[in-house]
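Numbers 8 to 223, taken from my numbering, label the letters of the sequence shown in order.
All C-beta atoms, glycine included, are put in the ideal place defined by N, C-alpha and C.
The structure appears right after this line, and notes come after that.
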Amino acid sequence: MARKRVAVLISGRGSNLQALIDAARAPDYPAEIVRVIANVPEAGGLARAADAGIAVETIDHRKFPNRPAFEAVLDAAIRASGAELVCLAGFMRLLTASFVEAWRDRLINIHPSLLPAFPGLDTHGRALAAGVRFAGCTVHFVRAEMDSGPIIVQAAVPVLPGDDEQRLAARVLAAEHRAYPLALALVASGRTRVSGGTVSVDGHTTADSLLINPAA
Ligand code: GAR
Numbered sequence: 008m009a010r011k012r013v014a015v016l017i018s019g020r021g022s023n024l025q026a027l028i029d030a031a032r033a034p035d036y037p038a039e040i041v042r043v044i045a046n047v048p049e050a051g052g053l054a055r056a057a058d059a060g061i062a063v064e065t066i067d068h069r070k071f072p073n074r075p076a077f078e079a080v081l082d083a084a085i086r087a088s089g090a091e092l093v094c095l096a097g098f099m100r101l102l103t104a105s106f107v108e109a110w111r112d113r114l115i116n117i118h119p120s121l122l123p124a125f126p127g128l129d130t131h132g133r134a135l136a137a138g139v140r141f142a143g144c145t146v147h148f149v150r151a152e153m154d155s156g157p158i159i160v161q162a163a164v165p166v167l168p169g170d171d172e173q174r175l176a177a178r179v180l181a182a183e184h185r186a187y188p189l190a191l192a193l194v195a196s197g198r199t200r201v202s203g204g205t206v207s208v209d210g211h212t213t214a215d216s217l218l219i220n221p222a223a
């Protein structure tokens, strides 16, 4: 089967981008990254993409008078790359409803919490303040409201005694690097179906085991 062509949008260091690049090196991975686009010229992820031989582009949102003007150029760049799917990987710009609708069910985001808990910024600080026993990450199809949309994959990690934001963020980030390649593979291979606000996954298996923290 032909590999799905994917554009990845970033704003920063690009460690999730790197996880997708590494996964896509496998010959049987169902997606290939054809373009990486940053809205911030200094985004560290641009060098990761260039090192992997992927075409990169910077579209600096500050050079546009408003969101629609920025998004028109972004949309044109994605389409010019031939991408069929778009992955947001630490892309820290809100997208308008019309952009999101144009890419409905082809636009994927990762967020470092178990959504719908803790959308937005400072997720780890808020999770620690709330005293939750599990944290994690969510890969989801994007809807207009920030950090919302049908969930494809979640990965949970325990919150441990003595955690601060850095320790928790690092544990969640390691989970992100496994969850995003899995989610993209499921979507790219046509195994996901969106219906209403949820996603069903063909032929998936899940261990029916209890996670309990503190351990009983
Ligand atoms: C990741 O933790 C990602 O989940 C988060 O930004 C970080 C980017 O890191 N995204 C969001 O908070 C989106 N709401 P990376 O550039 O190393 O992939």
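At a cut-off of 3 residues, the continuous stretches assigned as beta strand (DSSP E) that sit fully inside the segment 53–117 are 63–65, 92–95. Secondary structure of residue 131 (DSSP, three-state): helix. Contact between the segment 41–54 and the segment 81–91 is established, with three or more Cβ pairs separated by less than 8 Å. Leaving aside the five residues that flank residue 150 on each side, the residues in its chain whose CB is nearer than 7 Å to its CB run, in chain order, 107, 156.
Taking the Cβ of residue 148 as the reference point, every heavy atom of the ligand GAR lies at 8 Å or farther away. Between the segment 54–64 and the segment 209–221 there are fewer than three C-beta pairs closer than 8 Å, too few to call the two in contact.
Unbroken alpha helix (DSSP H) runs of no fewer than 4 residues, entirely contained in the segment 9–38, are found at 22–31, following chain order. Counting only runs of at least 4 residues, the segment 181–213 fully encloses no alpha helix (DSSP H) element at all.
Of the other Cβ atoms in all chains shown, 16 or more fall within 10 Å of the Cβ of residue 183; this residue is therefore buried. Residue pairing from DSSP leaves residue 219 without any beta-bridge partner. Taking 8 Å as the cut-off, the C-beta of residue 94 does not count as close to any heavy atom of the ligand GAR.
Under a 10 Å Cβ-count criterion, residue 78 is classified as buried, with 16 or more other Cβ atoms of the shown protein chains found around its own Cβ. Residue 114 sits close to residue 102, with the two beta carbons spaced by under 9 Å. In the same chain as residue 125, and ignoring 5 residues on each side of it, the C-beta atoms closer than 6 Å to its own belong to 133, 134, in chain order.
In the three-state reduction of the DSSP assignment, residue 50 falls in the coil class. The shortest CA-to-CA distance from residue 90 to any of 223, 193, 68, 15 is the one to 15.
Excluding residues up to 5 positions away in sequence, 17, 18, 19, 21 lie with their Cβ nearer than 7 Å to the Cβ of residue 50 in the same chain.
Within the chosen limit of 8 Å, the ligand GAR reaches the beta carbon of residue 98 through at least one heavy atom. Here residue 104 is not near residue 117, since their CB atoms are 9 Å or more apart. In terms of Cβ geometry, residue 191 and residue 161 do not form a close pair [threshold 9 Å].
Cβ-Cβ distances below 8 Å link residue 80 to 66, 71 in the same chain, with the five nearest sequence neighbours on each side left out; the list follows chain order.
Residue 143: member of the beta strand (DSSP E) spanning 141–148, first to last residue.
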